[in-house]
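Taking the numbering used here, the leading residue of the sequence shown gets 32, the next gets one more, and so forth.
Heads up, the thing below is written out as structure tokens.
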Amino acid sequence: MFKKILIANRGEIAVRVHRSCREMGISTVAVHSEADADALHVKMANETVCIGPASATDSYLNMTAILSAAEVTDAEAIHPGYGFLSENSKFSEMCEDLGFAFIGPKAEHIDLMGDKTSAIAYATELGLPTVPGSGGVLKDEKHAEHIAEKIGYPVLIKASSGGGGRGMKVVHEKSELVNAFNMAKTESKAAFGDDRVYMEKYLITPRHIEVQVMCDKHGGVWVLGERDCSMQRRYQKVIEETPSPALKDEQRAKLFELCEDVCKKMSYVGAGTFEFLYENGEFYFIEMNTRLQVEHPVTEMVTGLDLVSWQIKVAAGEKLPMINGGFKPRGHSIECRINAEHAETFRPSPGKVTEYFTPGGPNVRVDSSLYTDCIVQPYYDSMVAKLIVHGKDRTDAMARMKRSLEEFIVGGIDTNLDLHKRLISNNAFLSGDYNIHSLQQMIDGE
Ligand code: ADP
Numbered sequence: 032m033f034k035k036i037l038i039a040n041r042g043e044i045a046v047r048v049h050r051s052c053r054e055m056g057i058s059t060v061a062v063h064s065e066a067d068a069d070a071l072h073v074k075m076a077n078e079t080v081c082i083g084p085a086s087a088t089d090s091y092l093n094m095t096a097i098l099s100a101a102e103v104t105d106a107e108a109i110h111p112g113y114g115f116l117s118e119n120s121k122f123s124e125m126c127e128d129l130g131f132a133f134i135g136p137k138a139e140h141i142d143l144m145g146d147k148t149s150a151i152a153y154a155t156e157l158g159l160p161t162v163p164g165s166g167g168v169l170k171d172e173k174h175a176e177h178i179a180e181k182i183g184y185p186v187l188i189k190a191s192s193g194g195g196g197r198g199m200k201v202v203h204e205k206s207e208l209v210n211a212f213n214m215a216k217t218e219s220k221a222a223f224g225d226d227r228v229y230m231e232k233y234l235i236t237p238r239h240i241e242v243q244v245m246c247d248k249h250g251g252v253w254v255l256g257e258r259d260c261s262m263q264r265r266y267q268k269v270i271e272e273t274p275s276p277a278l279k280d281e282q283r284a285k286l287f288e289l290c291e292d293v294c295k296k297m298s299y300v301g302a303g304t305f306e307f308l309y310e311n312g313e314f315y316f317i318e319m320n321t322r323l324q325v326e327h328p329v330t331e332m333v334t335g336l337d338l339v340s341w342q343i344k345v346a347a348g349e350k351l352p353m354i355n356g357g358f359k360p361r362g363h364s365i366e367c368r369i370n371a372e373h374a375e376t377f378r379p380s381p382g383k384v385t386e387y388f389t390p391g392g393p394n395v396r397v398d399s400s401l402y403t404d405c406i407v408q409p410y411y412d413s414m415v416a417k418l419i420v421h422g423k424d425r426t427d428a429m430a431r432m433k434r435s436l437e438e439f440i441v442g443g444i445d446t447n448l449d450l451h452k453r454l455i456s457n458n459a460f461l462s463g464d465y466n467i468h469s470l471q472q473m474i475d476g477e
């Protein structure tokens, strides 16, 4: 097992990775920007290295600085967390070339799945159902028109290199298409440095359902159940839960079998998530994330596993033990993403946290980088905490989440805690009958 791991990230996920490392007796190296000198992940780590100025491009995305930090501290492995360099195959290759184990999948799989059009083509080849669409990059306006006529409006134009819900354009009719196509290309170029776009049928009221997998280097595959991430705002997840209230066991079994089969055919290694849209009883693969996800704790709650420690063990060459009959989730888990943002405008709300009190009691978990008097920096993502609860069933978990939200205090900055309190009491959410648009409808209906 590794003796020392460098955590190439910040915020709650850097703290999360540190915790697993410490429990495994592994020493940690935190890297940080100048702005993050007093951040929690830095205070917790065994060693720290400043890797550059506040801007992420100069620090958390600065591969040379991070690799130099690994070199000078004698780290054996690098955990990239999520975001930043976690899905950068060049970084994973550089790590391996310099003799550091990259705690993540093979570079070829990061590349394959990082490009959404190649991911969809590959998924189709391996037998996953996908959304009707171009199946590849749109060559020009004529091509876009031709595909839209074929699959029927409304359609969605998406960026091949897209992420975080950005670069998507819904097109309701032909007259809007050329404009939307060109805008999507321009926006995609600006956001991702890549103007390639593709097209999918725009599903009207789907749910977002994803499947967590963990695979070792010896062909072992764990399928760790699904997560329902349909509570979204602007295509970004806000609340996640598992199991999904929408699925029946036989649908689950079929979906999990497909994912297991794909992992085996790919010889995939590490943690991964297959994302699907689900509508009228059908699943449609939309992408695969080749890293740990923000919402991984809900899976941990119902499986009792520490996914970060398994990522580390798998990277060190350990075998996943066989689980006869697969994993059966125990109870129900929900996660609320707490963002530092203005309640009405949803604009980020950085600043000093003057008061901080986290909920407790049985089966309540808070993954966060906050502490009293810490500064929420304006340079990075506004998600500052995750509140995760576990219950014996969905009703129990809902009641626990409601109670926990009431206890949570974050003073000095604006947060979306009030929004969560309203959502957790919303009838549509409570009923379990919701889709990717429901959260916005709940806000609009208030
Ligand atoms: P990103 O990688 O930017 O997050 P995804 O492809 O994962 O993009 O999609 C993000 C969200 O956008 C989905 O969870 C869903 O809410 C919505 N979405 C994506 N594709 C479609 C589609 N074809 N029809 C309707 N909604 C979609």
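Cβ atoms here follow ideal geometry from the backbone N, Cα and C, with glycine treated the same way.
Asked	Found
Within the same chain, show all residues whose beta-carbon is closer than 8 Å to that of V329, passing over the 5 residues directly before and after it, in chain order.	R258, E271, E272, T273, S364, I365, E366 and I419
Along the chain, where does the beta strand (DSSP E) that runs through M214 open and close?	Unbroken run through M214 is the alpha helix (DSSP H), K205 to F223; no beta strand (DSSP E).
If G312 sits next to E231, beta carbons under 8 Å apart, how far is it from one beta carbon to the other, in whole angstroms?	Not quite, the Cβ-Cβ distance comes to about 19 Å (not below 8 Å), so this is no contact.
Relative to the C-alpha of F46, which candidate in E54, M297 and L71 has its C-alpha closest?	Here the sequence assigns Val to residue 46, which means Phe is not the residue at that position. Comparing Cα positions, the closest option is L71.
What I want to know is whether the C-beta of G303 ends up closer than 7 Å to one or more non-hydrogen atoms of ligand 1.	no
Going by the CB atoms, is the gap between C294 and V333 shorter than 8 Å?	no
Can you list, in chain order, the residues of its chain with a C-beta nearer than 8 Å to that of E65? Leave out the 5 residues immediately preceding and following it.	C81, G83, P84, A85 and S90
Closest to Y309 by C-alpha separation, out of T148, Q282, K189 and G362, would be which residue?	Q282
Hey, how far is the Cα of L92 from the Cα of A101?	14 Å
Examine ligand 1 and report whether any of its heavy atoms sits within less than 7 Å of the Cβ of P160.	no
Here's the rule I'm using: 16 or more other beta-carbon atoms within 10 Å means buried, otherwise exposed. How should P237 be labelled?	buried
Here's a check: name, in chain order, each residue in its chain whose Cβ is nearer than 7 Å to the Cβ of Y266, leaving out the five neighbours to either side.	G196 and M199
Who are the near neighbours of V254 in its chain, counting only those whose CB is closer than 6 Å to its CB and skipping five residues on each side?	V244, F287, C290 and E291
For the 8 Å Cβ check, are there 3 or more pairs between the segment 49-58 and the segment 136-145?	no
Skipping 5 residues on each side, what residues in its chain have a beta carbon closer than 6 Å to that of R396?	I419
Restricting to runs no shorter than 3 residues, where is the beta strand (DSSP E) found entirely within the segment 370-433?	386-388, 395-399 and 414-422
Which first and last residues belong to the beta strand (DSSP E) in which K245 is found?	Just to set this straight, residue 245 is Met in the shown sequence, not Lys. Looking at the DSSP string, the run of the beta strand (DSSP E) that includes M245 is R238 to C246.
Terminal residues of the continuous alpha helix (DSSP H) containing R264?	No alpha helix (DSSP H) contains R264, which is instead part of the beta strand (DSSP E) from V252 to R264.
If you draw a straight line from the alpha carbon of I455 to that of L187, how long is it in whole angstroms?	30 Å
Measure from the alpha carbon of K34 to the alpha carbon of each residue in A132, I467 and A87, then state which is nearest.	A132
Using a threshold of 7 Å, is the CB atom of H249 nearer than that to any non-hydrogen atom of ligand 1?	no
Measuring only the C-alpha atoms, how far is M262 from E156?	30 Å
Excluding sequence positions up to five away, which residues of its chain have a Cβ less than 6 Å from the Cβ of K216?	D226 and V228
Pairs of beta-carbons, one from the segment 381-397 and one from the segment 405-421, closer than 8 Å: are there three or more?	yes
Look up T148 in the DSSP assignment and say whether it is helix, strand or coil.	helix
Kindly examine ligand 1 and report whether one of its heavy atoms sits closer than 7 Å to the Cβ of K189.	yes
Give me, in chain order, the residues of the same chain whose beta-carbon lies closer than 6 Å to that of D412; leave out the 5 immediate sequence neighbours on both sides.	none
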